[in-house]
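Residue numbers for the sequence shown follow the numbering used here, so the first one is 1 and each next one is one higher.
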Amino acid sequence: MELPVHRPVPDLDLNGVILRVDGLVGECLELTPAALQRLPQRNFTNDFTCLEGWTVPDVKWGGVLLEAVLSLAKPAAQARYVQASAGEFGIPLPIDRIERVLVA
1 MELPVHRPVP DLDLNGVILR VDGLVGECLE LTPAALQRLP QRNFTNDFTC LEGWTVPDVK
61 WGGVLLEAVL SLAKPAAQAR YVQASAGEFG IPLPIDRIER VLVA
């Protein structure tokens, strides 16, 4: 099911974009956007809360569960956090609380 778009989605050049999973994992991964599209997609509605403190309620989200991506990498038993980063932004996420985290 395709989600309604409330704002136009910009044309993005995804050539060369890679999702890298490494660290305390059994298998390091490098996934392209096309590879992510082949994984099971999930949709849900949830608030967007910025680290700066503001919130946008009831945002429709779609993407791949981070938990599904990590299962491909086989995290080590001692792994406790996932460092999710893009450019200069990053956030540590407790690995036991990622059940509704999307790669979108």
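C-beta: ideal position from N, C-alpha, C; glycine also. Remember, predicted model here, so these are calculated numbers, not experimental data.
For residue i, which residues in the same chain have their Cβ closer than 6 angstroms to its Cβ, ignoring the five residues on either side in sequence?
i	result
Ile91	Ala84
Cys28	Asp22
Leu19	Leu31
Val101	Leu66
Ile98	Leu66 and Glu67
Pro14	Reading off the sequence shown, one finds Leu at residue 14, where the question assumed Pro. Pro33.
Output the boundary residues of the beta strand (DSSP E) element that contains residue i.
i	result
Pro92	Phe89 to Pro94
Val82	Tyr81 to Ala86
Leu19	Leu19 to Val21
Asp13	Counting along the chain, Asp13 falls outside any beta strand (DSSP E), and DSSP gives it neither H nor E.
Check each candidate in the options and name the one with the smallest Cα separation from residue i.
i	options	result
Val103	Asp47, Val25, Gln41 and Thr49	Gln41
Val59	Gly53, Phe48 and Glu52	Phe48
Tyr81	Leu70, Cys50 and Trp61	Leu70
Glu52	Phe89, Phe44 and Thr45	Phe89
Less than 8 angstroms between C-beta atoms, sequence neighbours within five positions excluded: which residues of the same chain meet that for residue i?
i	result
Leu74	Reading the sequence as shown, one finds Lys at residue 74 and not Leu. Taken in chain order, the residues that qualify are Val25, Gly26 and Glu27.
Ala79	Gly23, Leu24, Val25 and Ile95
Thr55	Asp47, Phe48 and Thr49
Would a C-beta distance cut-off of 7 angstroms place residue i and residue j closer than the cut-off?
i	j	result
Leu39	Ala68	yes
Asn43	Gly16	no
Within the continuous alpha helix (DSSP H) that includes residue i, where are the two ends?
i	result
Val69	Leu66 to Ala73
Ala35	Pro33 to Gln37
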